[in-house]
Amino acid sequence: MLLKIENFFNKVADFIGHLTAVLMVLMMLNVFYDVIMRYFFNTGSIAMQEMEWHLFSLVILLGVSYSLKEDGHVRVDVIYDRLHVKKKAIINIVGAFVFLIPFSIFIGTGSFDFVMEAYTSHEISGDPGGLTHRWIIKAFIPASFYLLVFTSIGFIVKNINLYRGAHNPHQHNLEGEHK
Amino acid sequence: AAEKKVKWKLAMTWGPTLTPFTTAVENMAKMVETMSGGDFVIRIDAANKHKAPFGVLDMVKLGQYEMAHSASYYWKGKDVNLLPFSTMPFGMTAPEQYAWFYHGGGMELMEKAYAPHNMLSFPGGNTGNQMGGWFRKEIKSLDDLKGLKMRIPGFAGEVLAKLGLTVTNIAPGELYTSLERGTIDALEWVGPGMDIKMGFHKIAPYYYTGWHEPATELQFLVNKKEFDKLSDKNKEILRVAMRLASYDMYIENYHMSTDAWASIATEYPNIKIKTFPKEVLDAMKKANDELLADMAKDQPLLKEILDSQKAYLTKSRAWTEMSDYLYLKDNL
Amino acid sequence: MIGIIMFFVALVALLFGFPVAFTFGAVSVVFGLIAGIVEALSYDQSVMEGIIEGINMFAFMPHRIYSIMNNTILMAVPLFIFMGIVLQKSRLAEKLLESMGFLFGELRGGLAISTVLVGALLAASTGVVGASVVAMGVISLPVMLKYNYSRRLATGTICASGTLGQIIPPSIVLIILGDVFQVPVGDLFEAAVWPGLSLVGAYILYILIVAFFNKDAAPAIQIEGSAGTKGRQVFNALKAIVPPLVLIILVLGSIFAGVATPTESAAVGGIGAMGLAWMYKEFSFKMVHEAALETVKITAMVFGILIGATAFSMVFTYTGGDAIVEEFMMGLPGEKWGFIILSMLAIMVLGFFIDFIEISYIIVPILVPIAEAIGINPVWFAILIAMNLQTSFLTPPFGFSLFYLKGVAPPEVKTTHIYKGVIPFISIQVIILIILTVFPEFFGLNPLL
Ligand code: NA
Ligand code: NA
Chain G
1 MLLKIENFFN KVADFIGHLT AVLMVLMMLN VFYDVIMRYF FNTGSIAMQE
51 MEWHLFSLVI LLGVSYSLKE DGHVRVDVIY DRLHVKKKAI INIVGAFVFL
101 IPFSIFIGTG SFDFVMEAYT SHEISGDPGG LTHRWIIKAF IPASFYLLVF
151 TSIGFIVKNI NLYRGAHNPH QHNLEGEHK
Chain E
180 AAEKKVKWKL AMTWGPTLTP FTTAVENMAK MVETMSGGDF VIRIDAANKH
230 KAPFGVLDMV KLGQYEMAHS ASYYWKGKDV NLLPFSTMPF GMTAPEQYAW
280 FYHGGGMELM EKAYAPHNML SFPGGNTGNQ MGGWFRKEIK SLDDLKGLKM
330 RIPGFAGEVL AKLGLTVTNI APGELYTSLE RGTIDALEWV GPGMDIKMGF
380 HKIAPYYYTG WHEPATELQF LVNKKEFDKL SDKNKEILRV AMRLASYDMY
430 IENYHMSTDA WASIATEYPN IKIKTFPKEV LDAMKKANDE LLADMAKDQP
480 LLKEILDSQK AYLTKSRAWT EMSDYLYLKD NL
Chain W
512 MIGIIMFFVA LVALLFGFPV AFTFGAVSVV FGLIAGIVEA LSYDQSVMEG
562 IIEGINMFAF MPHRIYSIMN NTILMAVPLF IFMGIVLQKS RLAEKLLESM
612 GFLFGELRGG LAISTVLVGA LLAASTGVVG ASVVAMGVIS LPVMLKYNYS
662 RRLATGTICA SGTLGQIIPP SIVLIILGDV FQVPVGDLFE AAVWPGLSLV
712 GAYILYILIV AFFNKDAAPA IQIEGSAGTK GRQVFNALKA IVPPLVLIIL
762 VLGSIFAGVA TPTESAAVGG IGAMGLAWMY KEFSFKMVHE AALETVKITA
812 MVFGILIGAT AFSMVFTYTG GDAIVEEFMM GLPGEKWGFI ILSMLAIMVL
862 GFFIDFIEIS YIIVPILVPI AEAIGINPVW FAILIAMNLQ TSFLTPPFGF
912 SLFYLKGVAP PEVKTTHIYK GVIPFISIQV IILIILTVFP EFFGLNPLL
């Protein structure tokens, strides 16, 4: 049962990861396009230039959740590395509850007014021809932190499974290696 | 019973080293503390502390800070009615604009524009006339402007975009390299003193006189709910301190620009001071008028503000011409 | 006081091994709440009101995160990482470094020297440490490990050469110092070139010395299966170097020719890397997708730390932490050498804990008027500080370069390897800093106004 739940969370996180990867490539193409247009065609649109950092924002905000699932967030391993899998699992479970979830909820909730302000004032770019609907990109701040809370639950389930010895840790890249 | 000490926090759009902007704020806070006998203190956070130079309106509106020091035209994207309270292209000079604020209905209009945001706004010091920017090549005609890549933010950028310029966003940290390498052909920064510190004169020797920011007024933003909570005495202290601090900044800035200019004339003889040809200025004026008319079309309050400014400009300019302009012209 | 305790608690908390980013975040939550409660109690309010006050502090976080989001200079991070990963996946990075190392012939340490040189080239196109350290980590760490380099030498070399971007223009440190010192950024960029190149030279010298005395630290490279005469092998090696080198030159060239800003040049590099991979028949959409996925993971690691750290510095600032630091700095002596030595020491020590932006804006403004009064040339002094600040990226326990490299290193590379690996490089930086202080003329700098 818990393995199935873990699987579900993994799938969601993977989806986010693949989506973000596409956005990352789009961002690069976006920057490249703007360079070409400016240098070779002497034109450029502020909207396209702003799109660069909009895409960049999505990459960093959504990526945090994917990286959690992949265990890509760097750890100080001086002690952690020498611990048994079960102890590591406990650190991760307690860490998620005590370190990760409160921090994410505080930011997610603390951002509500920030987004509402942009929404109610119909905030747009102050520059000519810039992007409109600023609230959307701002809304990704709380959204990404609630997503992180959601991914944390998957992370906790995974570590419960590890604690129970339900699967081989190496299958799940919990050592943080890069393939 | 002894009244509780009032402790306020103020967020600046500027970094801690941006004199004289920061001096205006420090001055104001010091006066408030002294005049209140220490009962009313204001802590100042520069942008390096709150890390949100352009988030200060939100932060004051939401009550995270009681006050801010910024400039009204930064809020154009949030509420276009707030645009005209800094300066407008081809608009009033600083004395004209101060007269408009305090005697021509400007303060009342500003109060009206900020009311929906539950905020009060007060003049916060004036930078005087800002320069038109640094160009790598001389602008001799309207054609020279077409296709030119320039970093010029906000409404002025919109005017120039209408003349065929490519308006480009470049992070401040990369401006120097971009101008040096010709990634952009021109840029607008602040004024002589600050521009020289960026070193732009070395790489773009044509320095054009201003048209777009004849008298940039900074602003003190105050959360209205917090202001209403103040005792009558503290309200008056704050008002007086803000008004005096902004006047002091106007003077200090004038002095700094005077000094900067004197040193530019002697130390940087290679800077070529230029004014835009009449053809270009006329086109800018036309674009400016069209854009404003278009913007005010379905914005009654904006229209009211712009009309008020225009009416006051017409009236005050007649006197400026009679007095300062003729005096300068006849005695040069 | 709370500020100082925060650092020690963070230090201990990091040792548990929970991700650095969230540990910083959690410590800021705890201390934000404590500060709120302390404040509330001092106003005769309840503990509950204090907790709410503490939670409210986090409503500042979206503003801080939004500032990171629209700081376009930071886009260099994913772009350079992507370029690095494409070069790695298409094995071009490996070929480049191997061939460069091979050209050093019997000389040991060739790979590490090549790494320093590539790092110096990257440094000339970005000033964002997260971009260059991670890109270098992706490109050259696997190769050095493959050739049995000592882990300490390998990681130290990468951290140090990845941090070169802070002193070799363009550089964020120099731009901020230009602002604080009110001197033209262009002057600082010019003045930083020789000190930066001296660092490059000193790193290479150090690597040569280590390789000479320690046979196993940095073995010479023999490319297996390469047939033919020596001349033929050298030719092949040169042939392998050219394309990736052309790419790097393309990146720099696009800046110098005015085609792209430094940040945009990173996108040119990413597209260029895909083009190279295509030329070498290594290109596939699957490869691009994998590279992008990997980029996302690593980029998120870097920005996770930045977000955690901004929460940490927010609480530090709002609980009056920087006031303590300021007070300390005000007590510096007003005599030239005493002032210079003590201010350099203070910046170095603070660099262990506080990030360079905070130091630049909190500490340096206190130093500027004193330096002015003594008649010290601000350009020289700013370069001294920049040199000193770039060291702060390497100094444990909070040096970000160390975290970033650890984040992309294979599991057999431990935090302790990296910590020990950077020590010699930090020493080199201190030595160069001293030379720069005592003999500024060597670097074409004038110490006095
Ligand atoms: Na300006
Ligand atoms: Na650099």
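From first to last, the protein sequence lines stand for chains G, E and W.
According to this note's numbering, the first sequence is numbered sequentially starting from 1.
According to this note's numbering, the second sequence is numbered sequentially starting from 180.
According to this note's numbering, the third sequence is numbered sequentially starting from 512.
Beta carbons: idealized from backbone N, C-alpha and C, even for Gly.
Handout entry: Span separating the alpha-carbon of isoleucine 36 of chain G from that of alanine 771 of chain W
Key = Along the first sequence, read from residue 1 onward, the residue named residue 36 of chain G stands at position 36. Along the third sequence, read from residue 1 onward, the residue named residue 771 of chain W stands at position 260. The alpha-carbon atoms of isoleucine 36 of chain G and alanine 771 of chain W are separated by roughly 9 Å.
Exercise for the section: Indicate whether the contact test is met: 3 or more Cβ pairs, each with one atom in the stretch 97 to 117 of chain G and one in the stretch 308 to 315 of chain E, closer than 8 Å. Expected result: no
Handout entry: Counterpart residues of valine 346 of chain E in DSSP-defined beta bridges
Key = Within the second sequence, the letter at position 167 stands for residue 346 of chain E. DSSP lists E/Met329 as partners of valine 346 of chain E.
Handout entry: Amino acids of chain E, ordered along the chain, whose beta-carbon sits closer than 9 Å to that of asparagine 42 of chain G
Key = As a first step, residue 42 of chain G must be located in the first sequence, where it is residue number 42. Neighbours of asparagine 42 of chain G on chain E, chain order: Lys325, Gly326, Leu327, Lys328 and Thr345.
Handout entry: Proximal residues, the stretch 228 to 256 of chain E versus chain A, C-beta separation under 7 Å
Key = The structure shown has no chain A; the protein chains it does contain are G, E and W.
Practice task
Please list the partners that asparagine 348 of chain E has in chain G, where partner means a Cβ-to-Cβ separation under 8 Å.
Solution key: Taking the second sequence and counting its residues from 1, one reaches residue 348 of chain E at position 169. Near asparagine 348 of chain E (Cβ distances below 8 Å), the residues of chain G are Ile46, Gln49, Glu50 and Asp127.
Problem - Cβ shell of leucine 174 of chain G (< 6 Å), same chain only, five flanking positions each side left out - result: Working through the first sequence from its first residue, we reach residue 174 of chain G at position 174. Residue placement at leucine 174 of chain G is poorly supported in this model, since its pLDDT is 47, which falls under 50; the coordinates still yield a value, given next. Closer than 6 Å at Cβ, skipping near neighbours: Asp71.
Exercise for the section: Please list, in chain order, all residues of the same chain as phenylalanine 379 of chain E whose beta carbon is under 6 Å from its beta carbon, the five residues on each side excluded. Expected result: Taking the first residue of the second sequence as position 1, residue 379 of chain E is located at position 200. Once the five neighbours on either side are set aside, the close Cβ partners of phenylalanine 379 of chain E are Trp313.
Exercise for the section: Would you identify the three-state DSSP class for serine 300 of chain E, choosing helix, strand or coil? Expected result: Counted from its first residue, the second sequence places residue 300 of chain E at position 121. Three-state DSSP puts serine 300 of chain E in a strand.
Handout entry: Residues within the stretch 256 to 269 of chain E neighbouring chain G, beta-carbon criterion of under 7 Å
Key = Within the stretch 256 to 269 of chain E, the qualifying residues are Gly256, Lys257 and Asp258.
Problem - Cβ of isoleucine 16 of chain G within 8 Å of any chain E Cβ - result: As a working mapping, residue 16 of chain G is identified with position 16 in the first sequence. Not an interface residue.
Exercise for the section: Using only alpha-carbon positions, find the residue among W/Glu609, W/Gly641, W/Gly910 and W/Ser682 that is nearest to tyrosine 930 of chain W. Expected result: Along the third sequence, one-based indexing puts residue 930 of chain W at 419. It is W/Gly910.
Handout entry: lysine 808 of chain W: contacting residues in chain G (beta-carbon distance under 8 Å)
Key = For this step, residue 808 of chain W is matched to residue 297 along the third sequence. Those within 8 Å of lysine 808 of chain W in chain G are Gly17, Gly63, Tyr66, Ser67, Glu70 and Gly72.
Exercise for the section: With 8 Å as the limit, tell me which residues of the stretch 543 to 571 of chain W have their beta carbon closer than that to any beta carbon of chain E; keep them in chain order. Expected result: Asn567, Ala570 and Phe571
Handout entry: 9 Å Cβ cut-off: residues of chain G touching phenylalanine 593 of chain W
Key = Position 82 of the third sequence, counted from the first residue, corresponds to residue 593 of chain W. Simply Met24, Val25 and Met28.
Problem - Within-8 Å CB hit, proline 384 of chain E to chain W - result: Here residue 384 of chain E corresponds to residue number 205 of the second sequence, with the count starting at 1. So no, proline 384 of chain E is outside the interface.
Exercise for the section: Please go through the same chain and pick out, in chain order, the residues whose beta-carbon is closer than 6 Å to the beta-carbon of glycine 270 of chain E, but skip the five residues on each side of it. Expected result: The residue given as residue 270 of chain E occupies position 91 in the second sequence. Contacts found: Pro393.
Practice task
Would you mind sorting aspartate 866 of chain W into buried or exposed? The rule is 16 or more other CB atoms within 10 Å of its CB.
Solution key: If you number the third sequence from 1, residue 866 of chain W lands on position 355. So aspartate 866 of chain W counts as buried.
Problem - Rounded Cβ spacing between valine 807 of chain W and threonine 20 of chain G (contact assumed at less than 8 Å) - result: Translated into the one-based positions of the third sequence, residue 807 of chain W becomes position 296. Translated into the one-based positions of the first sequence, residue 20 of chain G becomes position 20. Rounded, the Cβ-Cβ distance is 5 Å, consistent with contact.
Handout entry: Paired residues, beta bridge with glutamine 398 of chain E - DSSP
Key = Locating residue 398 of chain E in the second sequence gives position 219, counting from the first residue. DSSP lists E/Ser249 and E/Pro302 as partners of glutamine 398 of chain E.
Problem - Proximal residues of chain G, C-beta to C-beta of alanine 340 of chain E below 9 Å - result: Position 161 of the second sequence holds residue 340 of chain E. Going along chain G in sequence order, the residues near alanine 340 of chain E (Cβ under 9 Å) are Ile46, Pro128 and Gly129.
Exercise for the section: Take every Cβ of the stretch 672 to 682 of chain W, pair it with every Cβ of the stretch 893 to 906 of chain W, and state whether three or more of those distances are shorter than 8 Å. Expected result: With contact defined as three or more Cβ pairs closer than 8 Å, the stretch 672 to 682 of chain W and the stretch 893 to 906 of chain W are in contact.
Exercise for the section: Kindly identify the DSSP beta-bridge partner or partners of aspartate 224 of chain E. Expected result: Along the second sequence, read from residue 1 onward, the residue named residue 224 of chain E stands at position 45. For aspartate 224 of chain E, which the question treats as bridged, DSSP gives the partners E/Ala190.
Problem - For glycine 595 of chain W and methionine 568 of chain W, believed in contact at Cβ under 8 Å, the rounded distance - result: Position 57 of the third sequence, counted from the start, is the residue given in the question as residue 568 of chain W. Position 84 of the third sequence, counted from the start, is the residue given in the question as residue 595 of chain W. Actually they do not touch by this definition, with Cβ atoms about 37 Å apart.
Handout entry: CA-to-CA distance, leucine 470 of chain E to lysine 257 of chain E, given in whole angstroms
Key = As a first step, residue 257 of chain E is located in the second sequence; it is residue number 78 there, counting from the start. As a first step, residue 470 of chain E is located in the second sequence; it is residue number 291 there, counting from the start. When the Cα atoms are used, lysine 257 of chain E and leucine 470 of chain E turn out to be separated by approximately 18 Å.
Problem - Where leucine 959 of chain W sits in the DSSP three-state scheme - result: Working through the third sequence from its first residue, we reach residue 959 of chain W at position 448. Here leucine 959 of chain W sits in strand by DSSP.
Practice task
Would you check if there are 3 or more beta carbon pairs closer than 8 Å linking the stretch 829 to 849 of chain W to the stretch 935 to 947 of chain W?
Solution key: no
Practice task
Please check the pair alanine 604 of chain W and proline 755 of chain W, which I expect to be a contact at CB under 8 Å, by giving their CB distance rounded to whole angstroms.
Solution key: In the third sequence, counting from the first residue as 1, residue 604 of chain W sits at position 93. In the third sequence, counting from the first residue as 1, residue 755 of chain W sits at position 244. Rounded, the Cβ-Cβ distance is 7 Å, consistent with contact.
Practice task
Could you run through the stretch 354 to 378 of chain E and flag, in chain order, every residue whose CB is less than 8 Å away from some CB of chain W?
Solution key: Tyr355, Thr356, Ser357, Glu359, Arg360, Gly361, Thr362, Ile375, Lys376, Met377 and Gly378
Practice task
Consider the Cβ of glutamate 337 of chain E: report whether some Cβ of chain G lies at a distance smaller than 8 Å.
Solution key: Translated into the one-based positions of the second sequence, residue 337 of chain E becomes position 158. Chain G contact via Cβ: present.
Exercise for the section: Using three-state DSSP, classify alanine 365 of chain E as helix, strand or coil. Expected result: Along the second sequence, read from residue 1 onward, the residue named residue 365 of chain E stands at position 186. For alanine 365 of chain E, the secondary structure class from DSSP, reduced to helix, strand or coil, is strand.
Handout entry: Listed by chain order, chain W residues near glycine 110 of chain G by CB distance under 9 Å
Key = Position 110 of the first sequence holds residue 110 of chain G. Near glycine 110 of chain G (Cβ distances below 9 Å), the residues of chain W are Ile566, Asn567, Met568, Phe569, Ala570, Phe571, Met572 and Pro573.
Handout entry: Pick from W/Thr830, W/Ser776, W/Gly781 and W/Tyr915 that is closest to valine 762 of chain W, judged by C-alpha positions
Key = Here residue 762 of chain W is taken as the residue at index 251 of the third sequence, counted from 1. Comparing Cα-Cα distances from valine 762 of chain W to each of W/Thr830, W/Ser776, W/Gly781 and W/Tyr915, the minimum goes to W/Ser776.
Practice task
Give the residues from the stretch 187 to 208 of chain E that approach chain W closer than 8 Å (Cβ to any Cβ), ordered along the chain.
Solution key: Gly194, Pro195 and Thr196
Practice task
Determine the extent of the alpha helix (DSSP H) in which lysine 917 of chain W is found, giving its start and end residues.
Solution key: Position 406 of the third sequence holds residue 917 of chain W. Boundaries of the alpha helix (DSSP H) harbouring lysine 917 of chain W: 911 to 919, taken from the DSSP string.
Handout entry: Where valine 696 of chain W falls, given that 16 or more other Cβ within 10 Å makes a residue buried
Key = Start at 1 with the first residue of the third sequence, and residue 696 of chain W comes out as number 185. By the 10 Å Cβ count, valine 696 of chain W comes out buried.
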